[in-house]
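Inspection log for the structure reproduced underneath, given as structure tokens.
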Amino acid sequence: MRFVLRRRRLGQLMVVSTVAATIANFVGKAVAQTQVKKTTPMLTTSTPETMKVTLQVNGTAHSLQIEPRVTLLDALREYIGLTGTKKGCDHGQCGACTVLVDGQRINSCLTFAIMHTDAAIATIEGLEQGNNLHPMQAAFVAHDAFQCGYCTPGQICSAVGLVNEGHAKSDADIRELMSGNICRCGAYPNIVAAVRDVLEGKKDAAV
Numbered sequence: 194m195r196f197v198l199r200r201r202r203l204g205q206l207m208v209v210s211t212v213a214a215t216i217a218n219f220v221g222k223a224v225a226q227t228q229v230k231k232t233t234p235m236l237t238t239s240t241p242e243t244m245k246v247t248l249q250v251n252g253t254a255h256s257l258q259i260e261p262r263v264t265l266l267d268a269l270r271e272y273i274g275l276t277g278t279k280k281g282c283d284h285g286q287c288g289a290c291t292v293l294v295d296g297q298r299i300n301s302c303l304t305f306a307i308m309h310t311d312a313a314i315a316t317i318e319g320l321e322q323g324n325n326l327h328p329m330q331a332a333f334v335a336h337d338a339f340q341c342g343y344c345t346p347g348q349i350c351s352a353v354g355l356v357n358e359g360h361a362k363s364d365a366d367i368r369e370l371m372s373g374n375i376c377r378c379g380a381y382p383n384i385v386a387a388v389r390d391v392l393e394g395k396k397d398a399a400v
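Per my numbering: the sequence shown = residues 194 to 400.
Next comes the structure, spelled out in structure tokens:
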């Protein structure tokens, strides 16, 4: 009988000690979490920093307050309002966003606006010569080198840059050097013909 009582008391003591240890462990974790909450600062969402940028576009200075990550394409379309430059793939693969920077063609979706504060930027809206179309614009009209027209601003700016580069000597050269500009309507033969006319100095009926 005494043995049974001792075992029962021993079991009670073990239960009590286990419960006490569990409670102590729980209290310790609660205190630790409270201390972490006191020492850890609350995360706050900050407004992205902006900076003042002046872009020379089509001969006009435009002062913008933009984030450093704004692309040249978005600066032209969203901040300046020149929507002739098109947003296509936004990955530099279609050429719809092509503009001229210091006479050289670039994909404006792949470069930041703040990188071109000292450059002369030309878009499709700035190619006109007075009240006359640019020879490349006139050639595109004369040769019906566009259908839906979405890619046309980029095609024309790219073609003007191609002529400035002076590398194209044949139709094959034109096709190769214009390969970065995609026309989903398939007006490629007419585009080549328009570029060839400008390279050869021909005057089109549309001028």
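Cβ atoms here follow ideal geometry from the backbone N, Cα and C, with glycine treated the same way. As the structure is a computational prediction, the values presented were derived from the model and not from experiment.
Straight-line measurement puts the Cα of G354 at about 5 angstroms from the Cα of R298.
Around the CB of D267, 16 or more other CB atoms lie within 10 Å, so the residue is classed as buried. DSSP places L355 within a helical segment (H, G or I) once states are collapsed to three. Around A386, the same chain offers H336 as residues with beta carbons nearer than 6 angstroms, after the five sequence neighbours per side are excluded. Cβ atoms of T291 and T247 stay farther apart than 8 angstroms, at about 23 angstroms. Shortest Cα-Cα distance from Q286 to any of L257, S372 and E242 involves S372. Pairing I317 with I349 gives a Cβ-Cβ distance under 8 angstroms.
Nearest C-alpha to T278 among Y343, C378, A312 and Q249: Y343.
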